[in-house]
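There are 2 protein chains.
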Amino acid sequence: MTEQLTRTLRSDALDNRQRILEAARTMFATDGMDVPMREIARRAGVGPATLYRRFPTKQALATEAFAEQMDACHVIVDEGLADPDPWHGLCLVIEKLCELHARDRGYTTAFTTAFPHAMDLAAKREAALASLAELTRRARSTGHLRPDFVLDDLILILMANGGLHATSTDARVAASRRFAALAIQAFRA
Amino acid sequence: MTEQLTRTLRSDALDNRQRILEAARTMFATDGMDVPMREIARRAGVGPATLYRRFPTKQALATEAFAEQMDACHVIVDEGLADPDPWHGLCLVIEKLCELHARDRGYTTAFTTAFPHAMDLAAKREAALASLAELTRRARSTGHLRPDFVLDDLILILMANGGLHATSTDARVAASRRFAALAIQAFRA
DNA sequence: ACGGTAGTGGACGCCGGCGTCCGTTTAGCT
DNA sequence: AGCTAAACGGACGCCGGCGTCCACTACCGT
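Chains as they are written, first to last, in my numbering: chain A, 3 to 191; chain B, 3 to 191.
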């Protein structure tokens, strides 16, 4: 679908579009989801009208902007699945997902609150969760994972991880790391 | 200090003040900290001016409104300290604090983000944390608590607990309960 | 090079929250 | 009952974000 847009879009327009997405990504990541649309436009070096023409709503913008973060999520989960030791793979996934979410304030809220109509995000989210379920199934069979573990526990942890506030990104990442370690401890058989 | 105000305040004014605080408490709890001041005034049945006269800033209002929640925190910690089994007391404290925070959206953010100038809150917070430190010290000596546990871990958990979002209060409380159980699991030796 | 059209962004009006002023009401004392 | 000062709240102006319109610009095919 992006391809069709790419084809019919003029070169300068495409350029602006890219800069808008880049600006949105960085601003969402550092300042969270409540940055004014104006501000994103300013940083991208375009007028408000251009921004609104490309992305009529903030959700549309967020959905596109977080596409690569979503892919990063998938890569992380796939790496976990590829690990010969499922328990070790699961631990890696937890650590990396927590860090990813800690580095990007906006993505966390986008992922957890999962706005009503961001179906594109939701679909990918479901796919990632399915892979996670498979990974936990394998990890449980190794005996290192608590037998009464359920997938919801992991989701719970990820959501809770999003509640970690801090003044700087570094502090947030550090807190997130400790938190991931505690979570793994809680999941161990 | 409240006494002095009480004395010099006219009866109807005192009445309004009470209703404002009650309205603020319920609205902060259900809708979080970002409710408009207007809305609180409306629910309390007073004009905006009255609200602003009593509480010039939202922080002032929040500080007073959460005073009893803060006391509830103290009671919980004290109960934990009074428990003959420190480890059991600690578990109770974790469960109750998580639930308290889950029931009151506003209080959670007020407690964790701890606005710059809400020194009254901050002072009580520190006192509670000191008691918590004592409790964890005792719990560790029983051997049921992980030897490498630090107080910051508990704070981390409480902050993370604040990240649990849900549509209804009941759902949030349920999630919080599961989360507390996981946390206790992570802290066990 | 040039015309046509896609694309742009400054400017505009709207809305909702904020904090304050002032004419009116009412508690409380005599 | 009557007076006075305290208290009230509706109304006002301000600000910042939102979404849109239109006169101008610049790309691209010929």
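Each residue gets a CB set at the ideal place from its N, CA and C atoms; glycine is no exception.
May I ask you to report which of helix, strand or coil DSSP gives residue i?
i	result
Leu-158(A)	helix
Arg-12(B)	coil
Leu-166(B)	coil
Arg-44(A)	helix
Gly-49(B)	coil
Asp-85(A)	coil
Val-152(B)	coil
Phe-68(A)	coil
Glu-5(A)	A caution first: Glu-5(A) carries a pLDDT of 43, below 50, which makes its placement in the model unreliable, though a value can still be read off. DSSP places Glu-5(A) in helix when its eight states are reduced to three.
Less than 9 Å between the C-beta atoms of residue i and residue j, yes or no?
i	j	result
Ser-133(A)	Pro-88(A)	no
Arg-174(B)	Ala-104(B)	yes
Ala-46(B)	Leu-53(B)	yes
Ala-177(A)	Ala-168(A)	yes
Leu-147(A)	Ala-135(A)	no
Gln-71(B)	Leu-102(B)	yes
Met-29(B)	Lys-60(B)	no
Gly-165(A)	Gly-165(B)	yes
Ala-62(A)	Ile-42(A)	no
Where residue i and residue j are concerned, what is the direct C-alpha to C-alpha distance, given to the nearest angstrom?
i	j	result
Gly-91(A)	Arg-127(A)	19 Å
Arg-19(B)	Arg-180(B)	38 Å
Ala-124(B)	Asp-17(A)	49 Å
Ile-220(A)	Ile-157(A)	This structure cannot speak to residue 220(A), because chain A is shown only from 3 to 191.
Met-35(A)	Asp-106(A)	10 Å
Glu-24(B)	Asp-85(B)	32 Å
Leu-184(A)	Arg-44(B)	45 Å
Asp-33(B)	Arg-12(A)	45 Å
Leu-160(B)	Arg-55(B)	34 Å
Gly-82(B)	Asp-73(B)	14 Å
Asn-163(B)	Ala-129(A)	26 Å
Pro-149(A)	Ile-186(A)	14 Å
His-76(A)	Arg-21(A)	25 Å
Thr-171(A)	Thr-110(A)	13 Å
Ala-191(A)	Phe-57(B)	52 Å
Leu-94(B)	Thr-10(B)	42 Å
Ala-31(B)	Asp-14(A)	49 Å
Ala-182(A)	Glu-97(B)	20 Å
Asp-80(B)	Gly-145(A)	39 Å
Asp-155(A)	Thr-138(A)	11 Å
Val-48(A)	Ala-69(A)	22 Å
Pro-50(A)	Leu-131(A)	36 Å
Ala-141(B)	Phe-151(A)	26 Å
Ala-112(B)	Ala-112(A)	23 Å
Val-37(B)	Val-37(A)	18 Å
Between which two residues does the alpha helix (DSSP H) carrying residue i extend?
i	result
His-146(B)	Run containing His-146(B): none; DSSP gives neither H nor E here.
His-90(B)	88-105
Pro-38(B)	Here Pro-38(B) belongs to no alpha helix (DSSP H), and DSSP marks it neither H nor E.
Ser-178(B)	171-189
Thr-59(A)	First-last for Thr-59(A): undefined, no H or E at that position.
Give the residues of chain B in contact with residue i, contact being defined as C-beta atoms less than 7 Å apart.
i	result
Leu-11(A)	Within 7 Å Cβ-Cβ: nothing; Leu-11(A) doesn't reach chain B, min ~37 Å.
Residues of chain A with CB under 8 Å from residue i, in chain order?
i	result
Asp-155(B)	Arg-180 and Leu-184
Using a Cβ cut-off of 7 Å, pull out every chain A residue sitting near residue i, in sequence order please.
i	result
Ala-177(B)	Leu-158
Gly-164(B)	Gly-165
Using the beta-carbon of each residue, which ones in chain B are nearer than 9 Å to residue i?
i	result
Gln-187(A)	Arg-148, Gln-187, Ala-188, Phe-189 and Arg-190
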